[in-house]
Amino acid sequence: MAKVLVIEDVPISRNLLRRVLHLAGHQVLEAEDGPGGLAAALAGEPDLILMDLSLPLLDGWSVLSRLREQGIGVPVVALTAHALVGDRERVLAAGFDGYMSKPIDVRTFHRDLESYLTCPKMR
Numbered sequence: 001m002a003k004v005l006v007i008e009d010v011p012i013s014r015n016l017l018r019r020v021l022h023l024a025g026h027q028v029l030e031a032e033d034g035p036g037g038l039a040a041a042l043a044g045e046p047d048l049i050l051m052d053l054s055l056p057l058l059d060g061w062s063v064l065s066r067l068r069e070q071g072i073g074v075p076v077v078a079l080t081a082h083a084l085v086g087d088r089e090r091v092l093a094a095g096f097d098g099y100m101s102k103p104i105d106v107r108t109f110h111r112d113l114e115s116y117l118t119c120p121k122m123r
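Be aware that the sequence shown starts at 1, since it is given in UniProt numbering, and climbs by one per residue.
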């Protein structure tokens with residue numbers, strides 16, 4: 001069982017992720033905006049962060065930057081509706097450990113999730 005922080009501002013998406021993660025036996029922490037996600041990441045010591053890029057108050061790019069500045073090396077996966085050619089590469093080049101597009105494909109979600117949970121951590 002892993003502790004997964006979901007930083008997602010859309011309640012329906014957050015609820016879906018919570019259910020899918022709970023069914024897989026994971027503990028779920030949640031935040032609905034960038035500052036809340038940053039605080040939850042610093043306080044909750046998650047094993048993995050799934051984060052939307054277009055968050056209110058502080059976007060996902062900025063949250064990632066602040067986490068890394070504070071030495072938090074937990075794997076962070078961008079979870080975004082941005083699914084254009086080049087988006088994955090841009091996300092990975094910015095320092096995210098992975099990329100998942102929304103809506104999620106439950107068939108591949110668990111496989112991808114496990115690969116991110118086994119990423120070497122920088123902490």
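Even glycine gets a Cβ: it sits at the ideal position worked out from N, Cα and C.
| query | Would residue 14 be called buried (16 or more neighbouring beta carbons within 10 Å of its own) or exposed? | reply | buried
- request: Please determine, among 34, 41 and 102, the residue with the shortest C-alpha to C-alpha distance to residue 59.
  value: 34
Q. Just to confirm, does residue 101 get its C-beta within under 7 Å of one of the non-hydrogen atoms of the ligand HEM?
A. The model depicted lacks the ligand HEM and carries no ligand whatsoever.
Exercise for review: Please report the residue range of the alpha helix (DSSP H) in which residue 115 lies.
Suggested key: 106 to 117
Would residue 89 be called buried (16 or more neighbouring beta carbons within 10 Å of its own) or exposed? exposed
query = Once you ignore the five residues that flank residue 53 on each side, which residues in its own chain have a CB closer than 7 Å to its CB?
reply = 59, 60, 61, 78, 80 and 82
How would you call residue 75, buried or exposed, if buried means at least 16 neighbouring beta carbons within 10 angstroms?
buried
If we count the other Cβ atoms within 10 Å of its Cβ and call it buried at 16 or more, is residue 122 buried or exposed?
Low confidence applies to residue 122: its pLDDT is 39, below 50, so where it sits in the model is not reliable, and the reading given next is rough at best. Burial call: exposed.
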